[in-house]
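Numbering (the working numbering), first residue to last: 905 to 1252. Glycine included, each C-beta is placed from N, C-alpha and C at the ideal position. Bear in mind the structure is a predicted one, so any value in this text is a computation, not a measurement.
Here you go:
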């Protein structure tokens, strides 16, 4: 950590929280906006670098707070250029973020929880169980502390955890990313992925303009339930009824994530069912090759089968593409993020 302190972090604070801090410390109100600019625009690593604050104000601030940036614990680089970062998490599990360069784009896949409660059968994150909620500081730290931070063009909340299950922290992170006093990004540069927690998703839709990606993986309820227990609490048909009430043709984009497993959800009947399910939403479909994880009897579909599935959807008027696999050799591809248990990390 840049300041080597155990004080309260400033990163992850929104403008109202910073205003409260400066008020409590007897600093002028405008200092909150100055601090926000130092944190999120100028990206300082030490309070002493906030030179338009008086020396006395900096001293008073540093008595209780630090910038709070924490460097990754380690990183691994794929042969395709993808980089996976390990960060301090919570509970008994550290967390991971993945940097994906792709020509003019540079995307960071961030985590929102240590572990996950959703229990999807194909995902390594859920196998470790739920260990705790990440704070907004921990989310923003993934974005600000990597060496490629300044070159990022997109953020996707598709790492460890279900973003709508830690919604307050995620919403504050989105606010920091998009606000004029923060990083000033367009919400069109941000995508939030969800398995379909309806109350959380509705709040996210109402309060932000970010893109949405919904994990479906089967258009048939009983099949999806076997893969994704969330189907029992929030059936996908209710999910798409909700989504039809929002404008995805102009303000933002809706994507459907669909992992294709050989012999399970890969035939044309599934393609036809998926087209019926998403009708009226302007959703596009991302077909994802399954990345084999230990002790799983699921297997990936062949390329030819995935192409036939894609072509069927296209014929039915659905925009569908096959997502390129990135970072599989470093266990950074879709569904492979697991972090490390604290005892594993201590053994290194």
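Bridge partner(s) assigned by DSSP for residue i
| i | result |
| --- | --- |
| residue 1098 | 1118 |
| residue 1085 | According to DSSP, residue 1085 bridges with nothing at all. |
| residue 1204 | 1165 |
| residue 1017 | 1037 |
| residue 1159 | 1117, 1188 |
| residue 904 | Since the first residue of the chain shown is 905 and the last is 1252, residue 904 is not available in this structure. |
| residue 1226 | 1191 |
| residue 912 | 969 |
C-beta atoms of residue i and residue j nearer than 8 angstroms
| i | j | result |
| --- | --- | --- |
| residue 913 | residue 1041 | yes |
| residue 919 | residue 1187 | no |
| residue 1015 | residue 1074 | no |
| residue 1168 | residue 1202 | yes |
| residue 875 | residue 1086 | For residue 875 there is no data in the structure shown, the boundaries of the chain being 905 and 1252. |
| residue 1128 | residue 1172 | no |
| residue 1037 | residue 1070 | yes |
| residue 1161 | residue 1122 | no |
| residue 965 | residue 1012 | no |
| residue 1092 | residue 1156 | yes |
| residue 1256 | residue 1090 | Here the chain has residues from 905 to 1252 only, and residue 1256 is not among them. |
| residue 1257 | residue 1053 | Here the chain comprises residues numbered 905 to 1252, so residue 1257 is not present and cannot be evaluated. |
| residue 915 | residue 943 | yes |
| residue 1063 | residue 1000 | yes |
| residue 1137 | residue 1189 | no |
| residue 997 | residue 1035 | yes |
| residue 1112 | residue 1152 | no |
| residue 1197 | residue 1222 | no |
Same chain, Cβ closer than 7 angstroms to residue i, neighbours up to 5 away in sequence not counted
| i | result |
| --- | --- |
| residue 922 | 936, 939, 940 |
| residue 908 | Residue confidence for residue 908 is low, a pLDDT of 49 falling below 50, so the modelled location carries little weight; the figure read from the coordinates is stated next. Around residue 908: no qualifying Cβ. |
| residue 1205 | 1164, 1165, 1166, 1170 |
| residue 961 | 931, 935 |
| residue 906 | Low confidence applies here, because residue 906 scores a pLDDT of 42, under 50, leaving its location unreliable; read the following figure in that light. Excluding sequence neighbours, residue 906 sits near 949, 950, 971, 973. |
| residue 911 | 968, 969, 970 |
| residue 1039 | 916, 1073 |
| residue 900 | This structure does not reach residue 900, given that the chain is present from 905 up to 1252, and the question cannot be answered. |
Chain-order list of residues whose beta-carbon lies under 8 angstroms from that of residue i (same chain, five-residue window excluded)
| i | result |
| --- | --- |
| residue 927 | 933 |
| residue 1043 | 916, 1014, 1015, 1016, 1073, 1074, 1077 |
| residue 1255 | The structure shown does not extend to residue 1255, since the chain is modelled only from 905 to 1252, so the question has no answer here. |
| residue 1220 | 1175, 1176, 1179 |
| residue 1211 | 1226 |
| residue 952 | 962, 966 |
Same chain, Cβ closer than 6 angstroms to residue i, five either side skipped, listed in chain order
| i | result |
| --- | --- |
| residue 1065 | 1015, 1016, 1017, 1020 |
| residue 1109 | 1150 |
| residue 958 | none |
| residue 1067 | 1016, 1061, 1074, 1096 |
| residue 1115 | 1095, 1156, 1157 |
| residue 862 | This structure gives no information on residue 862, because the portion of the chain shown stretches from 905 to 1252. |
| residue 1133 | 1023 |
| residue 1208 | none |
Residue ranges of each beta strand (DSSP E) within the stretch 1019-1062, 3 or longer:
At a cut-off of 3 residues, the continuous stretches assigned as beta strand (DSSP E) that sit fully inside the stretch 1019-1062 are 1058-1061.
If contact is defined by three or more beta carbon pairs under 8 angstroms, each pair taking one atom from either stretch, is the stretch 1096-1105 in contact with the stretch 1138-1154?
Yes, the stretch 1138-1154 is in contact with the stretch 1096-1105.
The stretch 974-983 contacting the stretch 1017-1036, beta-carbon criterion three pairs below 8 angstroms:
Too few Cβ pairs lie closer than 8 angstroms, so no.
Please give me, in chain order, every unbroken run of the beta strand (DSSP E) with length at least 3 that falls completely inside the stretch 937-984.
Within the stretch 937-984, the complete beta strand (DSSP E) runs of at least 3 residues fall at 978-981.
Taking only runs that begin and end inside the stretch 1179-1224, name each unbroken alpha helix (DSSP H) of 4 or more residues, in chain order.
Counting only runs of 4 or more, we get 1207-1219.
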